[in-house]
Structures are given as C-alpha cells and as structure tokens.
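A short worksheet on the structure shown next.
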Amino acid sequence: MAFGRSSRSRRPVEPVTLKILVAGGFGVGKTTMVGAVSEIRPLRTEERLTEAGRPVDDLAGVEAKTTTTVAMDFGRITLREDLVLYLFGTPGQDRFWFLWDELAQGALGAVVLADTRRLEDSFAAVDYFERREIPFAVAVNCFEGADRFPTETVRAALDLDPEVPLLLCDARDRSSVRDVLVAVVEHALARVDALREPATT
Ligand SMILES: Nc1nc2c(ncn2[C@@H]2O[C@H](COP(=O)(O)OP(=O)(O)O)[C@@H](O)[C@H]2O)c(=O)[nH]1
Ligand SMILES: [Mg+2]
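Below, the structure is given as structure tokens:
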C-alpha cells in the first residue's frame with residue numbers, strides 16, 4: 003500500500019466559495035434564476051401577494067406573478083470542482099432595501115437582471131453596485147413578448163461603463179444562467195487582479 007505523494011494528491015480539493023448577489027427589479031426573474039442553477043433546493047421566503055400589497059407591488063408586466071420574495075433566495079452552484087458560488091437573491095422591493103447592505107457583505111460580485119419592458123426597475127440596483135464598487139454584470143432576461151434591443155441600446159439606457167459585461171439570458175435555463183455567472187466571476191476576478199497590479203509609473 004502506498005501512502006506517498008500520489009495518494010495524498012488525490013485528496014479532494016477544498017473548493018473556494020464565492021458569494022454572488024442576484025439583483026434587479028420586482029418580477030425580473032431573480033428567484034427563477036437562482037432556482038434554475040441551484041444544486042440545493044433553493045431557500046425561498048415567498049409570501050402570497052395580498053390585496054394589501056397590491057398598491058405597493060407594481061404588477062404591470064408580471065401579470066402571472068402571485069408570490070413575492072420577502073427575504074431572499076439562496077442557492078449554490080459548483081462552477082468547477084474547486085469553485086463553488088453561493089447565490090443570494092436580493093429583495094426586489096424598495097421597502098426591503100435595509101437588507102441589501104447586510105447581503106452585500108463579502109460579496110465578490112453581482113448580477114443585475116433587467117427586463118427591457120421595465121428597464122428603469124433595474125436602475126436602483128446598478129446605482130447600488132456602482133456606488134459601493136461591487137463588480138457586476140447586467141443580464142437582460144429575454145421574456146417572450148418583450149422587444150429585443152441591441153445590447154448597445156440597453157447599455158446606453160442603463161448608462162453602463164464600457165467594461166461592465168452585458169449579456170442576454172433566459173433565467174429559466176441552467177446553461178444560460180451559468181454563462182452569466184461565469185461572466186460575473188471573470189469580470190470580478192479581473193478587477194481584483196487589476197487592483198493588485200503594482201503601480202507602473
Ligand atoms: N417567459 C419567461 N418568464 C419568466 C422568465 N424568468 C422569470 N419568469 C417568470 O416571471 C415571473 C417573475 O419571476 P421571479 O423569478 O419570481 O422574479 P423575481 O421577483 O425577480 O424573483 C415568474 O412568474 C416567472 O416564472 C423568463 O426568462 N421568461
Ligand atoms: Mg423573487
């Protein structure tokens with residue numbers, strides 16, 4: 003029996019875990035996105051939309067939606083055997099903004115989901131991550147019936163910096179969501195590297 007280097011090196015690697023936020027307006031597909039990729043049963047805290055909530059929860063464009071996430075969505079995806087992402091969906095409604103700073107603690111980056119029918123609903127999330135210098139990518143969730151705009155038009159409307167990744171996605175589709183997450187991680191890690199680069203002047 004060999005207990006040398008070779009058997010030691012076969013020990014499973016302890017993966018790096020990174021925290022990613024999933025943000026964007028109410029009904030844009032955050033819960034769907036986390037659920038589409040999560041390997042664990044996503045933890046959701048949904049409450050049925052009540053008559054009392056209706057004046058607050060703007061339902062235009064999300065007619066089919068009858069539940070709303072009041073706390074957060076939580077999921078996990080293994081991107082590589084040594085890289086695991088923990089996903090935290092942020093609450094979409096303004097009245098839960100107080101949870102954002104808590105959720106943002108220790109986050110490597112974020113996805114801002116956008117719906118071209120209600121692009122302005124994602125302005126607040128873009129502002130939030132820009133102001134706190136948290137790297138983010140924007141993913142346009144392509145709902146059927148929503149007009150398709152060139153990504154440059156969406157980029158201009160959201161006033162995004164040129165280096166911010168902008169992708170089209172289907173929040174229901176595992177591989178599509180995976181592509182978005184890879185883009186966020188690569189973007190965030192590239193920024194970490196850039197910050198580490200010693201000054202050259
Ligand atoms: N057609 C379509 N419906 C979607 C898509 N993503 C989410 N939905 C639906 O849109 C509604 C709102 O999605 P949800 O994930 O709950 O939004 P959240 O408020 O951001 O968490 C739900 O009824 C979803 O089934 C999508 O890519 N295409
Ligand atoms: Mg939700």
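Counted from 1, the sequence shown has number 136 at position 134 by our numbering; the numbering is strictly sequential.
Every residue gets a Cβ at the ideal spot worked out from N, C-alpha and C, and that includes glycine.
Residue i CB to nearest heavy atom of ligand 2 below 7 Å
i: Asp75; result: yes
i: Gly91; result: yes
i: Thr33; result: yes
Cβ-Cβ distance between residue i and residue j below 8 Å
i: Ser124; j: Gly26; result: yes
i: Ala112; j: Ile136; result: yes
i: Arg119; j: Ala148; result: yes
i: Ala116; j: Val156; result: yes
i: Ala185; j: Leu169; result: yes
i: Leu81; j: Leu183; result: yes
i: Thr166; j: Phe138; result: With the sequence shown as reference, residue 166 is identified as Val, and Thr is not the correct amino acid for it. Cβ distance < 8 Å, so Val166 and Phe138 count as in contact.
Whole-angstrom distance between residue j and residue i, CA atom to CA atom
i: Ala192; j: Arg133; result: 19 Å
i: Phe131; j: Ile42; result: 27 Å
i: Leu20; j: Val39; result: 15 Å
i: Met3; j: Glu83; result: Low confidence applies here, because Met3 scores a pLDDT of 46, under 50, leaving its location unreliable; read the following figure in that light. Answer to the nearest angstrom: the Cα atoms are 27 Å apart.
i: Asn160; j: Leu121; result: It should be pointed out that residue 160 corresponds to Leu in this sequence rather than to Asn. Those two C-alpha atoms are separated by around 8 Å.
i: Phe151; j: Asp181; result: 20 Å
i: Gly37; j: Leu101; result: 20 Å
i: Arg198; j: Ala158; result: 30 Å
i: Val142; j: Phe76; result: 21 Å
i: Glu53; j: Trp99; result: With a pLDDT of only 47 at Glu53, under the threshold of 50, the placement of this residue in the model should not be trusted; the figure read from the coordinates follows. Using only the alpha carbons, I get a separation of about 22 Å.
i: Arg194; j: Pro200; result: A quick correction: the sequence has Val, not Arg, at residue 194. Each residue's alpha carbon lies about 12 Å from the other.
Any non-hydrogen atom of ligand 1 closer than 7 Å to residue i Cβ
i: Val30; result: yes
i: Asp172; result: yes
i: Gly111; result: no
i: Phe100; result: no
i: Glu132; result: no
i: Phe125; result: no
Of the residues the options, the one placed nearest residue i, counting alpha carbons only
i: Met35; options: Val18, Pro14 and Gly91; result: Gly91
i: Val15; options: Ala196, Val86 and Lys32; result: Val86
i: Asp163; options: Ala126, Val140 and Cys171; result: Val140
i: Val18; options: Asp75, Phe76, Leu110 and Arg97; result: Leu110
i: Asp103; options: Val187, Ala127 and Thr33; result: Ala127
i: Val114; options: Asp129, Gly108 and Leu101; result: Asp129
i: Gly31; options: Phe100, Cys171 and Tyr88; result: Cys171
i: Val187; options: Gln107, Phe76, Phe98 and Tyr88; result: Tyr88
i: Gln107; options: Pro200, Arg176 and Leu23; result: Leu23
For residue i, the three-state DSSP class (helix, strand or coil)
i: Ala54; result: Note that Ala54 scores 48 on pLDDT, short of 50, meaning its location in the model is unreliable and no value can be drawn from it.
i: Thr153; result: helix
i: Val142; result: strand
i: Thr92; result: coil
i: Phe131; result: helix
i: Leu197; result: helix
i: Ala173; result: coil
i: Val166; result: coil
i: Arg78; result: strand
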